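Here's the structure, in structure tokens; my notes come after.
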Amino acid sequence: MLQVHNFTKRYGRIAALSDVSFSVREGEVLGLIGPNGSGKTTLFECMGGVLPLDGGALVRDGRAVSGRERASMLFYLPDQIVPWPAQTVRWAIAFTLGLFGGRAALRDQVVRELDVEPLLDATIGSLSKGQRKRALLAIGLLMPHPLLLADEPFEGLDLRQSRDVARTLRSYASAGRTMFLSIHQIRDAGRVCDRFVLLSGGRARGEGTIRELAAMAAARGTSAGDDLEEVFLALT
Amino acid sequence: MRSRRKATGEREEHAEKSFSAISASSAVPLLWLLRKEYRELIASRAWWVLLFAMGPLVGVTFISAMRTYAEASGLNGTAAGVGEAFSPLIGIWAPTFSACEVAAVFLLPFVAIRLVAGDRQSGALKIEAQHPMPAFGRVAAKALVLMLAWIVASMPAAAAIALWQSYGGSLYRPEIATVAFGHLLNAGLTIALAAVMAAVSEHPSTAAILTLSVTVGTWILNFIAAVQGGIWERAAGYTPPAMVATFQHGLVRLDVVLVAAILIAAGVMLAAVWIRTGVAVGRRVRETAAWSAVAAAAIFACAFVTPSWDASESRANSFPEPDEAALARINGPLHIEAHLAPEDPRRADLDRKAIAKLRRVMPKVDVRYVSATSIGLFEQTSPHYGEIWYELGGRREMSRGTTAESVLETIYDLAGIKAPAESDEPIFRGHPLAVPPKGAATVFYGLWPALVVASALFARRRYA
């Protein structure tokens, strides 16, 4: 569907991303795994066009994707934002649906599945972190773009909510929506993702399913089995 | 209990309906942005503070102007005067609308910065910026809503007009429209400046400091112009205070309107360049330089645009019509060399009473001021100080007069034409009004603030 090709981003002397390359396949849930400060958010912001790249490109069918193509192809849902804090969740959903021409027919279903219904008349600024995360995920799922990039979709959610959200995300992926999720909790990632990109120190350390990554780790002389945490530690 | 449940049900039904109503018009992203900016404005405390303050601000200037005007008109047994002193434009509307200038400088920037920088602060920009709509469109939506907000905030000035009429005051609509238009342009400039600063800076407080710094910079420019004259004077003619002063005298100058429009468009464009966080800084700097160069070239071209319209009832910016007709028949370029220092009051007289009027009817007037000092006090003993030399068609003549009559007389002499007979058009006698501003304090200090507070509470309940 899309290739991230040699993404490079520097903040002054610090290299946040160094020649990061991997691919996103249609209909999959791809997980971006890495510790805090590994460059996950920077990678997403560069993919979403929110930050400028110093090098590299998004590539599709062998050619670089233009800004307009990217705008119609992917939607990036940032973490740690409180957009339109004085507006209600109901209005924010309606606004983003209207602005982006989103999937209005799915609105009630998404709102129900993410348990956003009780929050509809609350202002976004008054929501807790977890409530806000669910409201923003609802917005993300309702966007018309075939690829959804969600930064830390489980951040602020309790165990039950994490499981419910993971199930919801998987169901939309099964229906054909491609997802790319940045997750620092490896256990959460293992529950929801089909494949993984391991990021550490601004470099991609591996890409593939758990088995493929375990094989890579084994090739380096570490037997990690099917445990994603062990695989991650072995490869980074 | 039942009524409470019913109310909740109605609320849910209403909310559901509004949900559907909003979604129904999803085909027009710009309309959505306009709605969003409107709602964000309503949610902004800065906006309500501006709205609240406008009543007392306009009130204090209107009431003070009314009292002075009434006393000069014979209230409380004072002797009534005549002439331009009783032009409502100069006596009432220029001071009353000056409250709008104060609000545009000290309050409006904060409303504009809140609307532009708020998206970046909250993270909403990261979502909205993913829409393929050009950034110019997104900033223009904010600017449009802010301009409409300014019109609403100017309602106390409209209330002042209504009160003036209710006291029996004479209203000359073209001059009121001119003053209001000047202040609208001034607000547009403030909004554009604040938008650029909010887009360039990371934090709203930095944007506020930068905006106020530019405003203070224009004051400094005006001060330098008053002292130095020359090119500084020319540049200062396009600063917001000078622009507003032109309109407050009832004069609509096309060059000033065009320069203001260019500056507003350039401001919106530069803000659009800088809110694109996904574009490399180097490219944004290059685009800024390119747009600035385009704007500078356009402004330079505007300096050659001469049409203007005198909208004042007293024709304060024009010579009598027969003189204008006579001057229009003079073809050659007129060169004037005035040996007067920038701060000499005679120079201000010459400028305002003669040269500004001459430029309106004679497109080829070239004026050069010569002085060795800025105040002229120590040049008085210089033999040529105070001389004003006129050159037309190869002939030169000197005069020391700075009144319109003496300037016209010299020009007619040089041109070899007879001064036209005095016009039989009626002389503007002014509109004295010896009436105290009864009820104005109640309107501006009581009703308006109460209305704003009630609206703020209603809006809070309605939208949140």
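Note that the protein sequences, when read in sequence, are chains S and Z. Okay, so the first sequence: first residue is 0 according to numbering that gives the first Met the number 0, each after it adds one. Okay, so the second sequence: first residue is 0 according to numbering that gives the first Met the number 0, each after it adds one. Beta carbons are placed, not taken as given, at the ideal position from N, Cα and C, and that holds for glycine. All of these numbers come straight from a predicted model, not from anything done at the bench.
Asked: Z/K35: buried (16+ other C-beta within 10 angstroms of its C-beta) or exposed?; Found: buried
Asked: Per DSSP, which residues does Z/W388 bridge with? Please list them.; Found: Z/E336 and Z/M397
Asked: In chain Z, which residues lie with their C-beta within 8 Å of the C-beta of S/R67?; Found: P131
Asked: So, does the CB of S/G11 fall closer than 8 Å to a CB anywhere in chain Z?; Found: no
Asked: With a threshold of 16 other CB atoms inside 10 Å of the CB of Z/H383, please say whether the residue is buried or exposed.; Found: exposed
Asked: Please return the same chain residues whose Cβ sits closer than 6 Å to the Cβ of Z/L74, not counting the five positions on each side in sequence.; Found: A433
Asked: With burial defined as no fewer than 16 other Cβ atoms inside 10 Å of the residue's Cβ, what is the status of Z/H202: buried or exposed?; Found: exposed
Asked: Can you tell which of Z/G229, Z/A225, Z/I230 and Z/L188 has the C-alpha that lies nearest to the C-alpha of Z/V213?; Found: Z/L188
Asked: Whose CA, out of Z/T287, Z/I175 and Z/L50, lies closest to the CA of Z/I89?; Found: Z/I175
Asked: At the level of alpha carbons, what is the spacing between S/Q108 and S/A137?; Found: 10 Å
Asked: Determine the direct distance from the alpha carbon of S/G129 to that of S/R159, and round the result to whole angstroms.; Found: 12 Å
Asked: Who pairs with S/I182 in a beta bridge, going by DSSP?; Found: S/I32
Asked: Name the residues in the segment 251-280 of chain Z whose C-beta lies less than 8 Å from a C-beta of chain S; which are they?; Found: T276, G277, V278, A279 and V280
Asked: For S/T167 and S/E68, I'd like the C-alpha separation in whole angstroms.; Found: 27 Å
Asked: Is S/D226 helix, strand or coil by DSSP?; Found: coil
Asked: Apart from the five residues just before and just after Z/H182, which ones in its own chain have a Cβ nearer than 6 Å to its Cβ?; Found: F96 and C99
Asked: Which chain Z residues are close to S/T319, counting only those with a beta carbon under 8 Å from its beta carbon?; Found: In the structure as shown, chain S begins at 0 and stops at 235. Residue 319 of chain S is therefore absent and cannot be evaluated.
Asked: Between which two residues does the alpha helix (DSSP H) carrying Z/W163 extend?; Found: M154 to S165
Asked: Residues in its own chain within less than 6 Å of Z/N330 by CB, not counting five upstream and five downstream?; Found: none
Asked: Hey, out of S/G38, S/C192 and S/S127, whose CA is closest to S/A165's CA?; Found: S/C192
Asked: Would you mind stating whether S/M178 and S/V28 have Cβ atoms separated by less than 8 Å?; Found: yes
Asked: For the segment 177-235 of chain Z, list the alpha helix (DSSP H) runs that are entirely contained and at least 4 residues long, ordered along the chain.; Found: 203-227 and 229-235
Asked: Taking Z/K315 as the reference, give the member of Z/R428, Z/L147, Z/L446 and Z/T441 with the closest Cα.; Found: As written in the sequence, residue 315 of chain Z is Ala, which differs from the Lys given in the question. Ranking the options by Cα distance to Z/A315, first place goes to Z/R428.
Asked: Could you say which of Z/V442, Z/A453 and Z/L446 lies nearest to Z/W163 if we only look at CA atoms?; Found: Z/V442
Asked: How many angstroms separate the CA atom of S/L16 from the CA atom of S/P34?; Found: 14 Å
Asked: Run through the DSSP bridge pairs and tell me what S/R204 is partnered with.; Found: Beta-bridge pairing links S/R204 to no other residue.
Asked: Please report whether the beta-carbon of Z/S121 lies at a distance below 8 Å from any beta-carbon of chain S.; Found: yes
Asked: Taking a contact to mean a Cβ-Cβ separation below 8 Å, would you say Z/R367 touches Z/E336 in this structure?; Found: yes
Asked: If we call anything under 8 Å between Cβ atoms a contact, is S/F21 one with S/V230?; Found: no
Asked: Closer than 7 Å by C-beta to Z/F18: which residues in its own chain qualify, once you throw out the five before and the five after it? Chain order, please.; Found: Interpretation of Z/F18 is limited by its pLDDT of 43, a score under 50 that renders its predicted location unreliable; no figure is taken from the coordinates.
Asked: I want to know whether the segment 442-457 of chain Z touches the segment 44-62 of chain Z - three or more CB-CB distances under 8 Å.; Found: yes
Asked: Return the residues of the segment 188-208 of chain S that lie within a Cβ-Cβ distance of less than 8 Å from chain Z, sorted by chain order.; Found: none
Asked: Name the residue from S/F99, S/Y10 and S/L227 whose alpha carbon lies nearest to the alpha carbon of S/A188.; Found: S/L227
Asked: Please go through the segment 4-91 of chain S and give each complete alpha helix (DSSP H) segment of 4 or more residues, from N-terminal end onward.; Found: 39-46 and 66-72
Asked: Going by DSSP, what residue range makes up the alpha helix (DSSP H) through Z/V278?; Found: Taken as a continuous stretch (DSSP letters only), Z/V278 belongs to no alpha helix (DSSP H), as it is neither H nor E.
Asked: Give a yes or no on whether 8 Å exceeds the smallest Cβ distance from S/G129 to chain Z.; Found: no
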